[in-house]
Amino acid sequence: MQKRFTGTLILLYTLPWGLQCIVNTFMSVYVSSLPFSTEQTVGNVMAFGSAVTMLSQLVWAKIAAGSKNRLRLLALSLVLIALFCLPFLLLRMSLPLLYVSIFLFYFCFMVHQPLLDSIATENAERLTLSFGAVRAFSTFGFALTGLVCGMIGFTSSSDIFYYIAVISLISAAIAFTSPKEARAPLQNRERSGFAGLLNKRFILFLVFTFLLYLTSAVNVVFFPVYYTDVLQGDVELLGIMSSIEAFLEWCIMIVFGAKIAKMAPRKLFLIIALAAGFRCFAVWVTENPYLILLTYLGSVVWFGLQWSSVAPYICKTVPTDSNMTAQSLWTLASSGLGATAGSFLGGIIAREVSIRTLFLMGTLLTVLLAALTPVFFPREKNA
78 MQKRFTGTLI LLYTLPWGLQ CIVNTFMSVY VSSLPFSTEQ TVGNVMAFGS
128 AVTMLSQLVW AKIAAGSKNR LRLLALSLVL IALFCLPFLL LRMSLPLLYV
178 SIFLFYFCFM VHQPLLDSIA TENAERLTLS FGAVRAFSTF GFALTGLVCG
228 MIGFTSSSDI FYYIAVISLI SAAIAFTSPK EARAPLQNRE RSGFAGLLNK
278 RFILFLVFTF LLYLTSAVNV VFFPVYYTDV LQGDVELLGI MSSIEAFLEW
328 CIMIVFGAKI AKMAPRKLFL IIALAAGFRC FAVWVTENPY LILLTYLGSV
378 VWFGLQWSSV APYICKTVPT DSNMTAQSLW TLASSGLGAT AGSFLGGIIA
428 REVSIRTLFL MGTLLTVLLA ALTPVFFPRE KNA
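Next up, the structure:
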């Protein structure tokens, strides 16, 4: 049973993060390809999607708190993602319809991240591998999907929704037929509530996350548009490079995961902020459509360290019974608030100045964030 449960989580980290690769890499390209779209349209629509993600985290976390089987809840969210791909494929898109379709899609899109992280950390004793080794398969799935999409290619940008629907339905079938997870008694979870989250370390971490993901939105939303529209780069090559980046992140997590877990948070997140700054700076100074792909090295370090450390750091910062809510709030701060603000402000900056200037702004923000790392991660008294 332990091997089956571990295998199930490995598959559920692999496939939905493959779905995430497609959305993160190509959704902004799809929006940009629409006849009525401008750079500000891309920023506004992607910001709206992030805002919906932020709202959905609170709703799904509330539902999950009372759920007896969160893997079945995960299956439901994945089926809904596949269903909400249909408007993009079957309907002639207009701006109002685009916003409705984005709302439905993103309301279910990021449910897998806090659900799986909370399930894996709360059932760590049932795993035959360490949490870090299991979590690493999310990056592996991201890499593999990007490689497959890059090799197969797209006849049009709307083709991504065929891939998304298929991966979602396969993942839903796995989640629905998986072994039941172990859960703490309901009264323990209710007693903790939000009160356990009101501590200085966790609140500072959420603020740090929000600021970091302002920069992440610049890379996720606007780099594909900058690369394909401004530099005239190849979209299939972009997908392949995204997969190579994710594969290298997976290698970092597998090889150095144990050492990363032992690093002091202040040092660890300083490196993450500097890596994010390198990514933005390198894009800003490089205009060659091939050489600019080397800027992904910054993301390799950034996300390789981040995905090895965020969930365990949260577990150390909040009470165990608040884990699911804390994971959801982190996703809200990152893929919700941070991505919303970054996408919206990025669209304004791209319109008023230039899309390239966004990456200079991202560089300055991450340098400031790195300088303030000691504030966000104060030393522990027993350290």
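Quick note on numbering: my numbering labels position 374 of the sequence shown as 451, and the sequence is numbered without any gaps. Using N, Cα and C, we set each Cβ at its ideal position, and we do this for glycine too. Source: prediction; values computed, not measured.
Where residue i falls, given that 16 or more other Cβ within 10 Å makes a residue buried
| i | result |
| --- | --- |
| residue 113 | exposed |
| residue 301 | buried |
| residue 177 | exposed |
| residue 252 | buried |
| residue 230 | exposed |
| residue 147 | buried |
| residue 93 | buried |
| residue 67 | Here the chain comprises residues numbered 78 to 460, so residue 67 is not present and cannot be evaluated. |
| residue 440 | buried |
| residue 265 | Model confidence at residue 265 stands at a pLDDT of 47, short of 50, so the residue's coordinates are unreliable and nothing is read from them. |
| residue 212 | buried |
| residue 448 | exposed |
| residue 429 | exposed |
| residue 370 | buried |
| residue 233 | exposed |
| residue 368 | exposed |
| residue 136 | exposed |
| residue 222 | buried |
| residue 228 | exposed |
| residue 171 | exposed |
| residue 342 | buried |
| residue 202 | exposed |
| residue 288 | buried |
Collapsed DSSP secondary structure at residue i in the structure displayed
| i | result |
| --- | --- |
| residue 396 | coil |
| residue 419 | helix |
| residue 162 | coil |
| residue 367 | coil |
| residue 218 | helix |
| residue 143 | coil |
| residue 204 | coil |
| residue 110 | helix |
| residue 279 | helix |
| residue 453 | helix |
| residue 389 | helix |
| residue 228 | helix |
| residue 309 | coil |
| residue 362 | helix |
| residue 257 | coil |
| residue 264 | Per-residue confidence for residue 264 stands at a pLDDT of 47, beneath the threshold of 50, marking its modelled position as unreliable; no derived number is given. |
| residue 169 | coil |
| residue 237 | helix |
| residue 118 | helix |
| residue 81 | helix |
Spatial distance of residue i from residue j (CA atoms)
| i | j | result |
| --- | --- | --- |
| residue 142 | residue 402 | 8 Å |
| residue 138 | residue 308 | 41 Å |
| residue 192 | residue 408 | 11 Å |
| residue 331 | residue 169 | 44 Å |
| residue 107 | residue 245 | 19 Å |
| residue 80 | residue 306 | 47 Å |
| residue 86 | residue 329 | 20 Å |
| residue 95 | residue 225 | 10 Å |
| residue 249 | residue 190 | 14 Å |
| residue 186 | residue 336 | 32 Å |
| residue 423 | residue 120 | 6 Å |
| residue 255 | residue 151 | 11 Å |
| residue 247 | residue 393 | 33 Å |
| residue 385 | residue 195 | 14 Å |
| residue 446 | residue 292 | 11 Å |
| residue 133 | residue 123 | 15 Å |
| residue 304 | residue 310 | 5 Å |
| residue 144 | residue 297 | 32 Å |
| residue 219 | residue 360 | 22 Å |
| residue 83 | residue 207 | 10 Å |
| residue 267 | residue 375 | Residue placement at residue 267 cannot be trusted, given a pLDDT of 44 that sits under 50; what the coordinates show is reported in the next sentence. Answer to the nearest angstrom: the Cα atoms are 41 Å apart. |
| residue 286 | residue 455 | 15 Å |
| residue 452 | residue 127 | 27 Å |
From the options, residue whose alpha carbon lies closest to that of residue i
| i | options | result |
| --- | --- | --- |
| residue 404 | 387, 419, 416 and 420 | 387 |
| residue 406 | 183, 110 and 188 | 188 |
| residue 362 | 152, 93 and 435 | 435 |
| residue 349 | 93, 443 and 221 | 443 |
| residue 365 | 96, 433, 150 and 247 | 433 |
| residue 279 | 92, 395, 111 and 186 | 395 |
| residue 327 | 448, 217, 294 and 183 | 217 |
| residue 183 | 324, 315, 398 and 241 | 241 |
| residue 130 | 453, 426 and 416 | 416 |
| residue 238 | 294, 179 and 450 | 179 |
| residue 324 | 311, 284 and 381 | 381 |
| residue 470 | 158, 383, 101 and 149 | No information on residue 470 is available, as it lies outside the stretch 78 to 460 that the chain covers here. |
Interface flag, residue i vs chain B, CB-CB below 8 Å
| i | result |
| --- | --- |
| residue 157 | This model lacks chain B altogether; it includes just one protein chain. |
The ligand GTP heavy atom lying under 7 Å from the CB of residue i
| i | result |
| --- | --- |
| residue 300 | As presented, the structure is devoid of all ligands, the ligand GTP included, so that no description of it is given. |
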